[in-house]
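Trainee:
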Amino acid sequence: MLFSATSSILIVFFIIAFMLSEGWSAINLDFIFGLIWHPKTNEFGILPIIVSTVIVGVGAVFIALVIGIPCAIFLAEFAPNWVRNIIKPSVEMLVGVPSIVLGFFGLMLIVPFIRDNLGGRGECILAGWIILSIMTLPHVISISEDAIRAVPNSYREASLTLGATKWQTVRNITLPNAKSGILASLILGMGNAVGETMAVYMVIGNPNIPWIPTSILDSVRVLTSTIVMEYGYVAWGSQHQHALFAIGVVLFVLVAIINLMARYAIKRGMIER
Amino acid sequence: MNEQRKERIVKAFLWVTGLTSVFILLSIIVYIYVNGVGIISLEFLTSYPYRFEYGGIFPQIVGSLLLVAICLLFATPIGIGSGIYLAEYASDNILTKTIRFFVETLAGIPSIIIGLFGLAFFVHYLFGFSLLSGGLALGFMILPWTVRVSEEAIRAVPNSYREASLTLGATKWQTMWNVVLRSATPSIITGILLGLGKAIGETAIILLTAGSGLEAFLPISIFDAVGSLPVYIFMLATQGHTSAAFDRAFGASLVLVTMFLIINLGALLLRNYLVRRQR
Amino acid sequence: MTDLSRSEGRIFSDQYRTVQLSESKTVKDDVRMVKDKIDVRNLNLWFTDRHILQDLSLSIKSNSVTAIMGPSGCGKTTFIRAINRMNEIIEGCRTTGEVFLDGVNIYDEKINVFELRKKVGMVHQKPNPFPKSIFDNAAYGLRIHNMVNGKKLEKDVEQALREAALWDEVNDRLKESALRLSGGQQQRLCIARALAVKPEVILFDEPCSALDPTATAKIEGLIQRLKENYTVVIVTHNLQQAARVSDFVAFLYLGRLIEYGRTKDMFINPKNELTERYITGKFG
């Protein structure tokens, strides 16, 4: 019993140990701040990749926020029960739709649409934003809705009996009380977006030479897609292989920071209650 | 009056956004079904693929099922064991807090990193690209999930059950096995079904540990490389350039989504049944 | 007469109906009480298919305290929530019949329900201040109704807190969170919050059930004073409390009005056997 319980600890240590032992030797300032990633000449700078990762992640979460929070408010406060009873389970089910299917959907529908109407290759930041926001949306809706519904009903009642409209109640009472839960949902969504691999890989283009994007129609590489792109042809033990694992370490740290922030937001929300 | 007009506008806006976002999400599934249904036939489901974009997807379907089977064989016992430990045996001490922290950490690790780890540890140092490597790496991914659902399910068993058994002179272990686990089993199964839904669609991990996805054969042992639906879709979509390849990717996506929906629907129905039974 | 006409509401006409007290012709203590503030006629209410209120009719007198009594589950709370139409926020609620407030049917479709709730304030069973500062709590209603004009807001808040007998205890810490107040203070803050928007009727839903005896006594005293300016309806299942604070008592049982009359008459000489058994503690 104790053994199985500690296995999670062992696994995490194992993963960290392996990532570090394979990747540590490649991590230095030139790696983090270098502008050129060119395995053939042993140049491994991932700054453009980090920047792209952040841009893609932040943008996707922003879209998910703009669409998802109103949807969560709608489900929690305005939708009649029968509508909610249909929509909530469907949204929850969509939380886990295989990301490969979403990526394929993006590749077949969104990429050609962008290429034909906006120009460029179509495989670009914008396509990444759309697909990732679709992926993040169910998380954001589901967790925010829970956070909004967790606001005690007595607050709503008090506001309504004073003659407030539903929207006044939501704006002045419900949302301020649910804000840390909503914030947590967005941060968690960010963590998912940054760590997501396949769906992003399929729609953002992955140019051979990554650069810092100047337009949302630029093809980019993110941390995860770089690993998928190149894991197949690295020579084991080469500097290239160590650099790929180092990318994994950077990703791990990035996601860990995001998750810690989410945990902090949730904890603060609990203290406020 | 102003406030009431605002209320009406906001309400209309929320209805529109609410229904639109759900519409967008559901339309993806509809899109896959509309485009994939043409290629589905008994032959497509039961024959072997050849020359990349011909034939059926039988090995990929079986491969996916074998991978999740290995994954569950690994994650379920350990998950339930941890769940029992966290819920029943350990008081809230530093050890359980540490365990919980690490379970959460593991849950937060992006799948590509588990894939990279699997690539180094299982593939490079131990078994090569194989069913076992892929299954174990998948198991690592869903382990936190099984730990959490088991712990919750076991905690949810009313204390009166335990006391009733203990007052009859049963040992702690007998109580655990005969009373607590038995009544927690349906909830645990629900949770594991949901974990299964996550595992079956996972691509990055399998891609880095189990094989190229194009394998036109069934594995003979757990040390053989194995094809799988998600990786197969990935290969067709990114390496294929003909419409035949895309058609097959749609067909494979349809099968994958259907498997995913069946698993989740099963979990949903089981959960509803449980809720009703408790009333 | 004069203090009734202070109503400046846009939705209710100022026409008052002068009605004879149906109970007896011997009532003569207070001329203001000759008026019916609220007149409920054939009120029926269903939640989905459960018939909660069955054909209720009663008149509630102006500037009086009317207690609604009865065993739990008899529809007391639902009844007072019918007076500010708070039942309709629950899905599956259906109402028939009429409730007149100053002669205007509040179930008329032309009625603005938000103005109605401003006129008919409510204090809930458990103190439910918002997790905001004391000041913001008292000012909440004023703000949502745009009754805010610079300095006036502070004055109105102060007045409401004074009326709720809370000002002296909190005037030096208005910016503190309301959740740090004691239960009784929180409940008085909720009363102040309701008073701030200048209602005409105040509904109390078992306001003391979560409070200790000292806090209860304070609230009861407050309710006694409030009837000078307001019409008060209070739900209680505490017989002593009803006897202490109310002028009229309505006894509800299983969604029906069993008996309604002056508190003294009812406690001394109940007409209905059910009422008598309830008052003597045979069930409840």
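Respectively, the protein sequence lines represent chains A, B and C. If you want our numbering, it's the 1-based position in the first sequence plus 62. If you want our numbering, it's the 1-based position in the second sequence plus 160. If you want our numbering, it's the 1-based position in the third sequence plus 1396. Glycine included, every Cβ here is placed at the ideal spot set by N, Cα and C.
Run through DSSP, which three-state label would residue 1450 (chain C) get?
Mentor: Taking the third sequence and counting its residues from 1, one reaches residue 1450 (chain C) at position 54. Three-state DSSP puts residue 1450 (chain C) in a strand.
Trainee: Work out the CA separation of residue 133 (chain A) and residue 178 (chain B) for me, nearest whole Å.
Mentor: Position 18 of the second sequence holds residue 178 (chain B). Position 71 of the first sequence holds residue 133 (chain A). Going by the C-alpha atoms only, they are around 4 Å apart.
Trainee: Going along chain A in order, which residues have a C-beta closer than 9 Å to the C-beta of residue 214 (chain B)?
Mentor: Start at 1 with the first residue of the second sequence, and residue 214 (chain B) comes out as number 54. Neighbours of residue 214 (chain B) on chain A: none; closest Cβ ~20 Å, over 9 Å.
Trainee: Any beta carbon of chain C sitting closer than 7 Å to that of residue 225 (chain A)?
Mentor: What you label residue 225 (chain A) is simply residue 163 of the first sequence in a count that begins at 1. Interface residue, yes.
Trainee: Which residue or residues does DSSP assign as beta-bridge partners of residue 1436 (chain C)?
Mentor: Locating residue 1436 (chain C) in the third sequence gives position 40, counting from the first residue. Note: residue 1436 (chain C) sits in a beta bridge opposite C:1454, C:1495.
Trainee: Name, in chain order, the residues that DSSP records as bridge partners for residue 1564 (chain C).
Mentor: Stepping through the third sequence from its first residue, residue 1564 (chain C) is reached at position 168. Residue 1564 (chain C) pairs with nothing; no bridge assigned.
Trainee: Just to confirm, does residue 1468 (chain C) get its C-beta within under 6 Å of one of the non-hydrogen atoms of the ligand PLP?
Mentor: Only the bare structure without any ligand can be found here, which leaves the ligand PLP out of the picture.
Trainee: Compute the Euclidean distance between the alpha carbons of residue 224 (chain A) and residue 1509 (chain C), then round it to the nearest angstrom.
Mentor: Here residue 224 (chain A) refers to the residue found at position 162 when the first sequence is read from its first residue. Here residue 1509 (chain C) refers to the residue found at position 113 when the third sequence is read from its first residue. Approximately 11 Å, taken between the alpha carbons.
Trainee: By DSSP, does residue 201 (chain A) sit in helix, in strand, or in coil?
Mentor: Translated into the one-based positions of the first sequence, residue 201 (chain A) becomes position 139. Looking at residue 201 (chain A) - three-state DSSP - the assignment turns out to be helix.
Trainee: State yes or no: is the C-beta of residue 163 (chain A) within less than 7 Å of the C-beta of residue 413 (chain B)?
Mentor: Position 101 of the first sequence, counted from the first residue, corresponds to residue 163 (chain A). Position 253 of the second sequence, counted from the first residue, corresponds to residue 413 (chain B). Cβ atoms of residue 163 (chain A) and residue 413 (chain B): closer than 7 Å.
Trainee: Return the Cβ separation of residue 1566 (chain C) and residue 1530 (chain C) in integer angstroms, given the expectation that the two are a contact with Cβ distance under 8 Å.
Mentor: Along the third sequence, one-based indexing puts residue 1566 (chain C) at 170. Along the third sequence, one-based indexing puts residue 1530 (chain C) at 134. So it is a contact: roughly 5 Å between Cβ atoms.
Trainee: With residue 252 (chain A) as the anchor, note down where its beta strand (DSSP E) starts and where it stops.
Mentor: Numbered from 1 along the first sequence, position 190 holds the residue referred to as residue 252 (chain A). Unbroken run through residue 252 (chain A) is the alpha helix (DSSP H), 237-257; no beta strand (DSSP E).
Trainee: Do you know offhand how far residue 269 (chain A)'s Cα is from residue 219 (chain A)'s?
Mentor: Walking along the first sequence from the start, residue 269 (chain A) turns up at place 207. Walking along the first sequence from the start, residue 219 (chain A) turns up at place 157. Those two C-alpha atoms are separated by around 56 Å.
Trainee: List, from N- to C-terminal side, the alpha helix (DSSP H) runs of 4 residues or more that fit wholly inside the segment 1527-1591 of chain C.
Mentor: 1530-1540, 1547-1559, 1563-1566
Trainee: So that I know if they touch, is there some Cβ in chain A lying closer than 7 Å to that of residue 170 (chain B)?
Mentor: Position 10 of the second sequence, counting from 1, holds the residue named residue 170 (chain B). Cβ-Cβ to chain A under 7 Å: yes for residue 170 (chain B).
Trainee: Can at least three beta-carbon pairs, one atom from the segment 241-252 of chain A and one from the segment 268-284 of chain A, be found at a separation below 8 Å?
Mentor: Touching, no.
Trainee: Along the chain, which unbroken stretches of the beta strand (DSSP E) at least 3 residues long are found entirely within the segment 284-334 of chain A?
Mentor: none
Trainee: Quick one: using the 10 Å Cβ neighbour count with 16 as the cut-off for buried, is residue 401 (chain B) buried or exposed?
Mentor: The residue given as residue 401 (chain B) occupies position 241 in the second sequence. So residue 401 (chain B) counts as exposed.
Trainee: For the candidate residues A:117, A:301, A:182, A:237, whose alpha-carbon lies nearest to that of residue 103 (chain A)?
Mentor: Sequence index remark: in the first sequence, residue 103 (chain A) carries index 41 (1-based). Minimum Cα distance to residue 103 (chain A) is reached at A:301.
Trainee: Quick one, which of C:1641, C:1498, C:1540 has its alpha-carbon nearest residue 1614 (chain C)'s?
Mentor: Along the third sequence, read from residue 1 onward, the residue named residue 1614 (chain C) stands at position 218. Comparing Cα-Cα distances from residue 1614 (chain C) to each of C:1641, C:1498, C:1540, the minimum goes to C:1641.
Trainee: Do residue 165 (chain A) and residue 297 (chain A) have their CB atoms nearer than 7 Å?
Mentor: The residue given as residue 165 (chain A) occupies position 103 in the first sequence. The residue given as residue 297 (chain A) occupies position 235 in the first sequence. Pairing residue 165 (chain A) with residue 297 (chain A) gives a Cβ-Cβ distance that is not under 7 Å.
Trainee: Return the bridge partner residues of residue 1442 (chain C) from the DSSP annotation.
Mentor: Residue 1442 (chain C) sits at position 46 when you count from the first residue of the third sequence. DSSP output for residue 1442 (chain C) lists C:1447, C:1490 as bridge partner(s).
Trainee: Using beta carbons (cut-off 7 Å, strictly below), is residue 220 (chain A) in contact with chain C?
Mentor: Residue numbering aside, residue 220 (chain A) sits at position 158 when the first sequence is read from its first letter. Yes - at least one Cβ of chain C is within 7 Å of the one on residue 220 (chain A).
Trainee: Taking the straight line between their C-alpha atoms, what separation do you get for residue 252 (chain B) and residue 241 (chain B)?
Mentor: The residue given as residue 252 (chain B) occupies position 92 in the second sequence. The residue given as residue 241 (chain B) occupies position 81 in the second sequence. Spanning the two alpha carbons is a distance of roughly 17 Å.
Trainee: Evaluate the contact criterion for the segment 188-202 of chain A versus the segment 211-231 of chain B: three or more CB pairs, one atom per stretch, below 8 Å.
Mentor: no
Trainee: Helix, strand or coil, according to DSSP, for residue 151 (chain A) in the structure here?
Mentor: To locate residue 151 (chain A), count along the first sequence from 1; it is residue 89. Reduced to three states, the DSSP call for residue 151 (chain A) is helix.
Trainee: Output needed for residue 1536 (chain C): all residues of its chain with C-beta closer than 7 Å, excluding positions within five of it in sequence on either side, in chain order.
Mentor: Reading the third sequence from its first residue, position 140 is the one you call residue 1536 (chain C). For residue 1536 (chain C), where only same-chain residues beyond five positions count, the Cβ hits under 7 Å are 1526, 1589.
Trainee: Determine whether the beta carbon atoms of residue 1648 (chain C) and residue 1466 (chain C) lie at a separation below 7 Å.
Mentor: For the purposes of this step, residue 1648 (chain C) is taken as the residue at position 252 of the third sequence. For the purposes of this step, residue 1466 (chain C) is taken as the residue at position 70 of the third sequence. Result yes, Cβ atoms of residue 1648 (chain C) and residue 1466 (chain C) sit closer than 7 Å.
Trainee: Can you find a CB in chain C that lies within less than 7 Å of the CB of residue 293 (chain A)?
Mentor: Position 231 of the first sequence, counted from the start, is the residue given in the question as residue 293 (chain A). For residue 293 (chain A), no Cβ of chain C is located within less than 7 Å of the residue's own Cβ.
Trainee: Quick test of your reading: residue 1646 (chain C) and residue 1653 (chain C), contact by CB under 8 Å. State the CB separation rounded to the nearest angstrom.
Mentor: Here residue 1646 (chain C) refers to the residue found at position 250 of the third sequence. Here residue 1653 (chain C) refers to the residue found at position 257 of the third sequence. With a Cβ gap of about 6 Å, residue 1646 (chain C) and residue 1653 (chain C) count as contacting.
Trainee: Would you mind sorting residue 1459 (chain C) into buried or exposed? The rule is 16 or more other CB atoms within 10 Å of its CB.
Mentor: The residue labelled residue 1459 (chain C) in the question sits at position 63 within the third sequence. When all chains shown are included, residue 1459 (chain C) counts as buried.
Trainee: May I have a chain-ordered list of the beta strand (DSSP E) segments no shorter than 3 residues that lie completely inside the segment 154-196 of chain A?
Mentor: The qualifying runs do not exist here; there are none.
Trainee: Along chain C, which residues have their Cβ under 8 Å away from the Cβ of residue 309 (chain A)?
Mentor: Taking the first sequence and counting its residues from 1, one reaches residue 309 (chain A) at position 247. Within 8 Å Cβ-Cβ: nothing; residue 309 (chain A) doesn't reach chain C, min ~44 Å.
Trainee: Please check if any C-beta of chain B sits within less than 7 Å of the C-beta of residue 158 (chain A).
Mentor: Along the first sequence, read from residue 1 onward, the residue named residue 158 (chain A) stands at position 96. So yes, residue 158 (chain A) belongs to the interface.
Trainee: Name the DSSP beta bridge partners of residue 252 (chain B), please?
Mentor: Within the second sequence, the letter at position 92 stands for residue 252 (chain B). Partner(s): none; residue 252 (chain B) has no beta bridge.
Trainee: Whose C-alpha, out of B:432, B:418, B:428, is nearest the C-alpha of residue 193 (chain B)?
Mentor: Walking along the second sequence from the start, residue 193 (chain B) turns up at place 33. With distances taken between Cα atoms, residue 193 (chain B) lies closest to B:418.
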